[in-house]
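Visitor: If you read the protein sequences in the order shown, they are chains H and B. Position one of the first sequence corresponds to residue 695 (the numbering used here), numbered consecutively onward. Position one of the second sequence corresponds to residue 3 (the numbering used here), numbered consecutively onward. Note that the Cβ used here is the ideal one computed from N, Cα and C, for glycine as well. Have a look at this one.
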Amino acid sequence: MTIENPKRQDIHEYLAELEDIPGTRVFTTARARKGYWLNQFCMTLMKPENRERFKTDERAYLDEWPMTEAQKQAVLNRDYNAALDEGGNIYFLAKVFFTDNISFLQAVGTMTGMPAEEYQAMMIAGGRSPVGLRSKKEPY
Amino acid sequence: MARITAGVASSHIPALGATIDHGKTQEPYWKECFAGFAWTRAWEAAQRPDVVILVYNDHATAFDMDFIPTFAIGCAERYKSADEGWGPRPVPDVIGDADLAWHIAQSCILDEFDLTIVNRMDVDHGLTVPLSLMFGQPEAWPCKVVPLAVNVVTYPPPSGNRCYALGEAIARAVQSYPQDLNVQIWGTGGMSHQLQGPRAGLINAAWDNRFLDDLVKDPQRLRQIPHIEYLRETGSEGIEMVMWLIMRGGLGPDVRALHRHYHVPASNTAVGHIVLEPGG
Numbered sequence: 695m696t697i698e699n700p701k702r703q704d705i706h707e708y709l710a711e712l713e714d715i716p717g718t719r720v721f722t723t724a725r726a727r728k729g730y731w732l733n734q735f736c737m738t739l740m741k742p743e744n745r746e747r748f749k750t751d752e753r754a755y756l757d758e759w760p761m762t763e764a765q766k767q768a769v770l771n772r773d774y775n776a777a778l779d780e781g782g783n784i785y786f787l788a789k790v791f792f793t794d795n796i797s798f799l800q801a802v803g804t805m806t807g808m809p810a811e812e813y814q815a816m817m818i819a820g821g822r823s824p825v826g827l828r829s830k831k832e833p834y
Numbered sequence: 003m004a005r006i007t008a009g010v011a012s013s014h015i016p017a018l019g020a021t022i023d024h025g026k027t028q029e030p031y032w033k034e035c036f037a038g039f040a041w042t043r044a045w046e047a048a049q050r051p052d053v054v055i056l057v058y059n060d061h062a063t064a065f066d067m068d069f070i071p072t073f074a075i076g077c078a079e080r081y082k083s084a085d086e087g088w089g090p091r092p093v094p095d096v097i098g099d100a101d102l103a104w105h106i107a108q109s110c111i112l113d114e115f116d117l118t119i120v121n122r123m124d125v126d127h128g129l130t131v132p133l134s135l136m137f138g139q140p141e142a143w144p145c146k147v148v149p150l151a152v153n154v155v156t157y158p159p160p161s162g163n164r165c166y167a168l169g170e171a172i173a174r175a176v177q178s179y180p181q182d183l184n185v186q187i188w189g190t191g192g193m194s195h196q197l198q199g200p201r202a203g204l205i206n207a208a209w210d211n212r213f214l215d216d217l218v219k220d221p222q223r224l225r226q227i228p229h230i231e232y233l234r235e236t237g238s239e240g241i242e243m244v245m246w247l248i249m250r251g252g253l254g255p256d257v258r259a260l261h262r263h264y265h266v267p268a269s270n271t272a273v274g275h276i277v278l279e280p281g282g
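Following this line, the structure appears as structure tokens:
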């Protein structure tokens, strides 16, 4: 027999908690709806011929999809924080930086505001501590 | 009768696959990370499982924003390595066990786990990196694979408790399969990592190691960890660890750890790996 979760969580409390983490956009359904075409555009870059067309004229390629101007600008600028704000998800956006031949380590580092070498050095030294970064409301 | 003989958990970071594919595992940055899998490669060569039920998540590969199944089981005869944006990984096709997969799908649905059935999909690094870590670079993978894809991308993902219970249901399904098969169940992903935003690079070695401890000592605690704790303590992508609980649920109440490895960093991520055997 399966054991039911004894403490079913209220969906509104659950969603509110997801917004309480500093420097983090949890990929909620609200973000997924907002970012639908941004993310679907990213999926098209899994085909080599599309990657070539995108690289040849990024703006023209982006204009083929019903994305908002802010979403297109985030992609053109490779501003991944802005892309997250526009509903992008990192695994979809990875198709863009893989097309650029950029690794996860390099692309993720750009979102932290740290120079690439500094970010890599932090990871080698054990990564970023969660201390003080667990909650916006009551940092601990 | 088919039986689950072992559980294996491991991270499935794409950089690990790229490092293997480019022959760079002995470089100073990677050496220690890969050393922790040598024991398991030798052990797997001796174990010779017939089938691995491989729990992983699809990273916007087979499933885009059009279809978001919470639990999807691969019932195909074979799967190709996906082109995730830099061309497919040069690994053999993954050969399915369609008979066993369909049996698990039917059994689990009767057991009130309504799995989505997938007859065609490509598999990404989430599935192929663990195969490379445990089996190296063979011409063909040494066993069949039943892919079990879990949504941990769009919130809410399934709870840890639900994942654990699914593992129990999969074990019941395997036990009722008439063919004599040596089956392993693997849980992949994790451990602590955050791949997005200014908080990216978060690692929590103390939390991760307590999780590894309690896979053996107190799995009942692990199944009650809420999503928000994974997010706060282990980064936005640490939630992948709920997939380890499907593996753990498939092994029964008591397990023994045969091997354990933890290393920081691989790319942005803490690498965790454990090999478990059912029984105290």
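Figure out for me which residue from G729(H), A764(H), N775(H) has the closest Cα to the Cα of D68(B).
Guide: Between D68(B) and the set G729(H), A764(H), N775(H), the nearest pair of CA atoms involves G729(H).
Visitor: So V257(B) packs on R5(B), CB below 8 Å; how close in whole Å?
Guide: Their Cβ separation, rounded to whole angstroms, is 14 Å, which puts V257(B) and R5(B) out of contact at 8 Å.
Visitor: Quick check: what's the CA-CA separation for V152(B) versus T118(B)?
Guide: 10 Å
Visitor: Mapping the DSSP letters down to three states, classify V802(H) as helix, strand or coil.
Guide: helix
Visitor: Looking at chain H, which residues of the stretch 229-242 of chain B have a Cβ within less than 7 Å of any of its Cβ atoms?
Guide: I230, L233, R234, E235, S238
Visitor: Could you give the DSSP three-state label for L827(H): helix, strand or coil?
Guide: Coil at L827(H), not helix or strand.
Visitor: Assuming G87(B) contacts A754(H) (C-beta within less than 8 Å), just tell me the rounded distance between them.
Guide: Wrong, their Cβ atoms sit about 20 Å apart, outside the cutoff.
Visitor: From which residue to which residue does the alpha helix (DSSP H) around W32(B) run?
Guide: Counted as a single uninterrupted DSSP element, the alpha helix (DSSP H) harbouring W32(B) occupies residues 30-37.
Visitor: Which class does I248(B) belong to by DSSP, given the choice of helix, strand or coil?
Guide: Note: I248(B) maps to helix in three-state DSSP.
Visitor: Per DSSP, what kind of secondary structure is W188(B) in: helix, strand or coil?
Guide: strand
Visitor: What would DSSP say about M695(H), mapped onto helix, strand or coil?
Guide: Unreliable placement is indicated for M695(H), whose pLDDT of 49 sits below 50; the coordinate value is still reported in the next sentence. Coil.
Visitor: Would you kindly report the start and end of the unbroken beta strand (DSSP E) that includes Y58(B)?
Guide: 53-58
Visitor: Kindly indicate which three-state DSSP category K741(H) falls into: helix, strand or coil?
Guide: coil
Visitor: Just verifying my parser: in three-state terms, what is the DSSP assignment at G199(B)?
Guide: coil
Visitor: What's the gap between the Cα of Y785(H) and the Cα of Q222(B)?
Guide: 31 Å
Visitor: Closest to E34(B) by CA distance: which of K830(H), Y834(H), I715(H), I818(H) is it?
Guide: I818(H)
Visitor: DSSP has P149(B) in a bridge; who is on the other side?
Guide: L56(B)
Visitor: What number of angstroms, rounded off, separates the C-alpha of Q703(H) from the C-alpha of E235(B)?
Guide: 19 Å
Visitor: So, R43(B) versus G138(B), is the Cβ gap smaller than 7 Å?
Guide: yes
Visitor: For S134(B), which of helix, strand or coil comes out of DSSP?
Guide: Look at S134(B) here: in three-state DSSP terms it is helix.
Visitor: Tell me, to the nearest whole angstrom, how far the beta carbon of I248(B) is from that of G189(B); I am working on the premise that it is less than 8 Å.
Guide: Rounded, the Cβ-Cβ distance is 6 Å, consistent with contact.
Visitor: Residues in the same chain with beta-carbon distance under 6 Å from E283(B), minus the five sequence neighbours each way, listed in chain order, please.
Guide: The shown model of chain B, from 3 to 282, leaves out residue 283(B), and the question about it has no answer.
Visitor: How far does the beta strand (DSSP E) with F791(H) in it reach, from first residue to last?
Guide: Segment 784-793 is the alpha helix (DSSP H) holding F791(H); no beta strand (DSSP E) there.
Visitor: Taking Cβ positions only, does A37(B) come closer than 7 Å to chain H?
Guide: no
Visitor: What first and last residue would you give for the alpha helix (DSSP H) that runs through L278(B)?
Guide: No alpha helix (DSSP H) holds L278(B); the beta strand (DSSP E) holding it covers 271-280.
Visitor: Locate the beta strand (DSSP E) running through T63(B), then write down its first and last residues.
Guide: First-last for T63(B): undefined, no H or E at that position.
Visitor: Using 7 Å as the limit for Cβ to Cβ distance, is Q139(B) near chain H?
Guide: no
Visitor: Quick one: is T718(H) near chain B, going by C-beta distance under 7 Å?
Guide: yes
Visitor: If we ignore side chains and look at the alpha-carbon of each, how far apart do E46(B) and V53(B) end up?
Guide: 12 Å
Visitor: Please decide whether W2(B) counts as near chain H, where near means a Cβ-Cβ distance under 7 Å.
Guide: Since the first residue of chain B shown is 3 and the last is 282, residue 2(B) is not available in this structure.
Visitor: I need the boundaries of the beta strand (DSSP E) containing T118(B), first residue and last residue.
Guide: 118-120
Visitor: So if DSSP puts V125(B) in a beta bridge, which residue, or which two residues, is it bridged to?
Guide: V125(B) is bridged to S83(B).
Visitor: Measure how close the beta-carbons of N733(H) and N783(H) come, nearest whole angstrom, since I'm counting them as under 8 Å.
Guide: So it is a contact: roughly 6 Å between Cβ atoms.
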